[in-house]
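Here the structure comes first, spelled out in structure tokens, and everything after it is commentary.
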Amino acid sequence: MATSPNDAGDDVIDQFLSDRGHSVEPVGWDQEYNKKQCPECGGLHDTSANSCTVCGWEPTL
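Residue numbers for the sequence shown follow our numbering, beginning at 270 and rising by one.
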């Protein structure tokens, strides 16, 4: 299913998903002391990392 470029109607989709038990919050890095930790594979990276070099995960904006 495609959404419009300006995210119009995404609230309806988010509500549909959350009503069925899905998380609709943006996913970001976990923090492990002074490192970023990938929430997908647990790989540790410097704080300047933009994507996981282990599994290729990137944070949702």
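Ideal Cβ positions, reconstructed from N, Cα and C, are used throughout, including at glycine.
Per the coordinates, the alpha-carbon of ASP299 lies some 6 Å from the alpha-carbon of CYS307. The closest CA to that of TYR302, considering only GLU294, ASP315, SER320 and ASN319, is found on ASP315.
Per DSSP, the continuous beta strand (DSSP E) segment holding ASP299 begins and ends at 299–301. For VAL323, there is no enclosing alpha helix (DSSP H), since its DSSP letter is neither H nor E. Per the DSSP secondary-structure output, LEU313 pairs in a beta bridge with GLN306.
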